[in-house]
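The next block holds one structure in the form of structure tokens; read it before the comments.
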Amino acid sequence: MAPSPIDIQSFARTQLGLLAAEQAAEIAETSSLISLHSPSALQRAGVALINLVVSSQRTGLGGKTVVELSLDPAVSSSSNSQNELPEHGIRTGDIVLVSEQPAGSAKKREVKELERKGSRGVVTRVRRSDVAVALDGEKEAAGGASEGGVLAVLSGGGRVWCVKVADDVTFKRMTQTMQRLAEMSEADHTPFTRTLFGLSSPSPIPSSPSPSDPPIPWTDPTLNESQRAAIHFALSAPEIALIHGPPGTGKTHTLIELILQLVLHRNARVLVCGPSNISVDNIVERLAPHKIPILRLGHPARLLPSVLNHSLDVLTRTSEAGQIVQDVRAEMDAKQAAIKKTKSRRERKGIYAELRELRKEYRERERGCVSQLVRGSKVVLATLHGAGGYQLKGEEFDVVVIDEASQALEAQCWVPLLAAKKAVCAGDHLQLPPTIKSLNSKMGKAKKEKETGKGGDETVGKTTTASTPTTLETTLFDRLLALHGPSIKRMLTTQYRMHERIMRFPSDELYDGELVAAEAVKERLLKDLPYEGVAATDDTSEPLIFIDTQGGNFPEKADDEDGDQQQGGGGGGGGSATGKRSSSGKAVKASLHGESKSNELEAALVRAHVRKLVEAGVKAEDIAVVTPYNAQLALLAPLKETYPGIELGSVDGFQGREKEAVIVSLVRSNSDGEVGFLGEKRRLNVAMTRPKRSLTVIGDSETVSR
1 MAPSPIDIQS FARTQLGLLA AEQAAEIAET SSLISLHSPS ALQRAGVALI NLVVSSQRTG
61 LGGKTVVELS LDPAVSSSSN SQNELPEHGI RTGDIVLVSE QPAGSAKKRE VKELERKGSR
121 GVVTRVRRSD VAVALDGEKE AAGGASEGGV LAVLSGGGRV WCVKVADDVT FKRMTQTMQR
181 LAEMSEADHT PFTRTLFGLS SPSPIPSSPS PSDPPIPWTD PTLNESQRAA IHFALSAPEI
241 ALIHGPPGTG KTHTLIELIL QLVLHRNARV LVCGPSNISV DNIVERLAPH KIPILRLGHP
301 ARLLPSVLNH SLDVLTRTSE AGQIVQDVRA EMDAKQAAIK KTKSRRERKG IYAELRELRK
361 EYRERERGCV SQLVRGSKVV LATLHGAGGY QLKGEEFDVV VIDEASQALE AQCWVPLLAA
421 KKAVCAGDHL QLPPTIKSLN SKMGKAKKEK ETGKGGDETV GKTTTASTPT TLETTLFDRL
481 LALHGPSIKR MLTTQYRMHE RIMRFPSDEL YDGELVAAEA VKERLLKDLP YEGVAATDDT
541 SEPLIFIDTQ GGNFPEKADD EDGDQQQGGG GGGGGSATGK RSSSGKAVKA SLHGESKSNE
601 LEAALVRAHV RKLVEAGVKA EDIAVVTPYN AQLALLAPLK ETYPGIELGS VDGFQGREKE
661 AVIVSLVRSN SDGEVGFLGE KRRLNVAMTR PKRSLTVIGD SETVSR
């Protein structure tokens, strides 16, 4: 059947509307937090730090002013002699607003005004005693010049606070990209773009290598047949190739080989992108040992320490061209220091003017240095929206590789794709799509019910038709599969994570029974863990356990403390809505509104099962407990104190993770058979494919079987 073409302009206009609604939902969430709750309430919730002063300021990458914020000694208690910050959920890479702190009695209007005068920035470092923030360049410069902005408050020794806010840079880049797409004439559409919208069919390629083709010189001889077939397909496809990587099938491993083949044997220049910094850093770490010229774009605060040597920040300091840039930076730092010493307003104004000129010179020199580094790299890596920065303006690449494409908004993918000639997208459309806040708002839910004729979570993410998507949850990966069918996709079929019996259900239900467990993993159990002292009990000798609460008195209860899954959950061991934790391990509650579900008696069964595993000799750090509901996570939080090292998280937050033993708490138990989030097959798929040796599911079979 011929694909149904999509009108590119109407697609772009629809996306612009959906993006505007999504940004509005994010801003509304941030604004309501700031305007409805006092700074001290927000600090208790872990999303703000109050009573701060500036302890130092310097010039960072891009000429940005980096301020170090520490607790005002005047408010430090005698028990806090180290002047340590209270426990909080602000992390490196977060976007924060830094502004003059409103008084406890401040009215909404006054709080709004202080917010307007403040400056956004990226958290570059978090220590027990201080937080460093790189302020948004234009705002703090303008504010400094007029003495009305945050720099004036800071240099004047005023008390400030910082609070986590939504990131608007991503939306700006996506919106600009969709506007460009909407304004393109038919003559501007490349063959690649036409293929991605079904206006042309993908060029046919043979299903298997021809005997006359020269053999591919594999860098990694351990690749399995399905991985080799996917790489061969991706190398041969002229416009688009999808690599479908179910859980544990070595998708990143396959992409590394593909990138090396493109660079070493096809002399191609490659741009590699992913929706998150962690997905990109993961590839940088694995490419680094191969000694090919790679460059990682992105804010240094958001990169893993292990990839910093390949980052622009480090390379602009260590290259020859970077030395001149450093001299200008040193001069700027001297001016920053002079501001603090001067008492005269006129003198301060003069220094701000000089700083503006120096900042201009710094940026020009830095751009020249950056441009030289970018041109010399065979592989450039960035987040999807990071590919829209000035560093890549006018740059051309032979292939764009997008990892985790099924977890990225389509508009985000178009940021690097707009100038592409060919793309390889890797992901798994049968795991969870990106979290969409506007779908979880009252307006979004009503719209969804109207469109589907139903309510509830079961309808989420099912719009995978080839027509213009009506929700941001329809990813590029989804849409291309619906548009062109399986001919543009190759699936990886050997999985290296799960015991064969854990794999069987997801394989049969979602992957057409095609998954095969590698020999090394197909029969491994907890009792075979590679450390001493694990006893062979019923719980360590069985890979798949279902603890049925049906028939007992295990009712769920609605909890008004937290929203479900709103923040993508806590992969890193959180016990809260966002999975962010304080340094002591106590749960940090990050959302102050919403409704969730919990089940106290089911939580008791989880605790009992964890105890049995630990008593049998399984280390706590090899165990994870996941659940779709944040209120249930809050009930389970004491496990962190009893068993340090155990991980707790929402199902959404655990996507992409793995553990030796995983316990899934389903929570739902009611006479109406309402399953909520469990009605989404992809969420169940994520939950059930995290473990290596042991999966225990605890729930009410009568409710979930409905």
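First residue of the sequence shown? That's 1 in the UniProt record's numbering, and the numbers climb one at a time after it.
Every residue, glycine too, gets a C-beta built ideally from N, C-alpha and C.
These figures come from a predicted structure and were not determined experimentally.
- Counting every other CB atom within 10 Å of its CB across the protein chains shown gives A12 a total of 16 or more, marking it as buried.
- For I547, the secondary structure class from DSSP, reduced to helix, strand or coil, is strand.
- The continuous stretches of beta strand (DSSP E) do not include W414, which lies in the alpha helix (DSSP H) extending over residues E410 to L417.
- For M184, no beta strand (DSSP E) encloses it, and the DSSP letter there is neither H nor E.
- The three-state secondary structure of I243, taken from DSSP, is strand.
- Around the beta carbon of T177, a 10 Å sphere encloses 16 or more other beta carbons of the protein chains shown; the residue is thus reported as buried.
- Residues of the same chain with a CB within less than 7 angstroms of the CB of D167, apart from the 5 flanking positions on each side, are I95 in chain order.
- Membership of K597 in the beta strand (DSSP E) is indicated by the continuous run S596 to S598.
- Following the DSSP letters along the chain, one finds V625 in no alpha helix (DSSP H) but inside the beta strand (DSSP E) bounded by residues I623 to T627.
- Per DSSP, N277 lies in no beta strand (DSSP E); the unbroken alpha helix (DSSP H) holding it starts and ends at N277 to L287.
- Sequence-distant partners of H189 (beyond 5 residues in either direction) whose C-beta falls short of 6 angstroms from its own C-beta are missing from its chain.
- The Cβ-Cβ distance between L529 and E647 does not fall below 9 angstroms.
- For S438, the closest C-alpha among the options Q412, V415 and E473 is that of E473.
- Distance from the CA of H88 to the CA of E641, rounded to the nearest whole angstrom, comes to 18 angstroms.
- Distances from the alpha-carbon of L303 to those of A230, I324 and D281 put D281 closest.
- Burial is judged here by how many other beta carbons sit within 10 angstroms of a residue's own beta carbon; A608 has fewer than 16 and is exposed.
- Contact between the region 512-528 and the region 491-504 is present: three or more C-beta pairs spanning the two stretches fall below 8 angstroms.
- Taking the Cα positions, G679 is about 40 angstroms away from V270.
- Of all C-beta pairs linking the region 342-354 to the region 237-247, fewer than three are shorter than 8 angstroms, placing the two stretches out of contact.
- Taking all protein chains in view, the Cβ of A536 is surrounded by fewer than 16 other Cβ atoms within 10 Å, so the residue is classified as exposed.
- The alpha carbon of T435 has as its nearest neighbour, out of R682, L49, K172 and A182, the alpha carbon of R682.
- Shown here, D130 sits in a strand according to DSSP, grouped into three states.
- Its Cα nearest to that of T65, the residue Q336 stands out among I6, Q336, L36 and R128.
- In the structure shown, M498 falls within a coil segment according to DSSP collapsed to helix, strand and coil.
- Counting only residues of its own chain and dropping the five nearest sequence neighbours on each side, G158 has a CB closer than 7 angstroms to the CB of E100.
- Taking L114 as the centre and dropping the five residues before and after it, the same chain places the C-beta of S99, E100 and P102 closer than 6 angstroms to its C-beta, in chain order.
- Between L260 and I339, the alpha-carbon positions lie close to 50 angstroms from each other.
- Look at E115 here: in three-state DSSP terms it is helix.
- Contact annotation, C162 with V131: C-beta distance approximately 7 angstroms; criterion of less than 8 angstroms satisfied.
- If only complete runs of 3 or more residues are kept, the region 359-417 shows the beta strand (DSSP E) at 379-383 and 399-402, in order along the chain.
- When DSSP states are grouped into helix, strand and coil, P691 belongs to the strand group.
- At a Cβ-Cβ threshold of 9 angstroms, R690 and E658 count as neighbours.
- Contact annotation, V415 with L381: C-beta distance approximately 14 angstroms; criterion of less than 8 angstroms not satisfied.
- Of all alpha-carbon atoms in N670, R228 and I502, the one lying nearest the alpha-carbon of A687 is that of I502.
- Rounded to the nearest angstrom, the gap between the Cα atoms of D672 and N553 is 15 angstroms.
- By the Cβ rule, the region 9-24 counts as touching the region 178-185, because three or more pairs are nearer than 8 angstroms.
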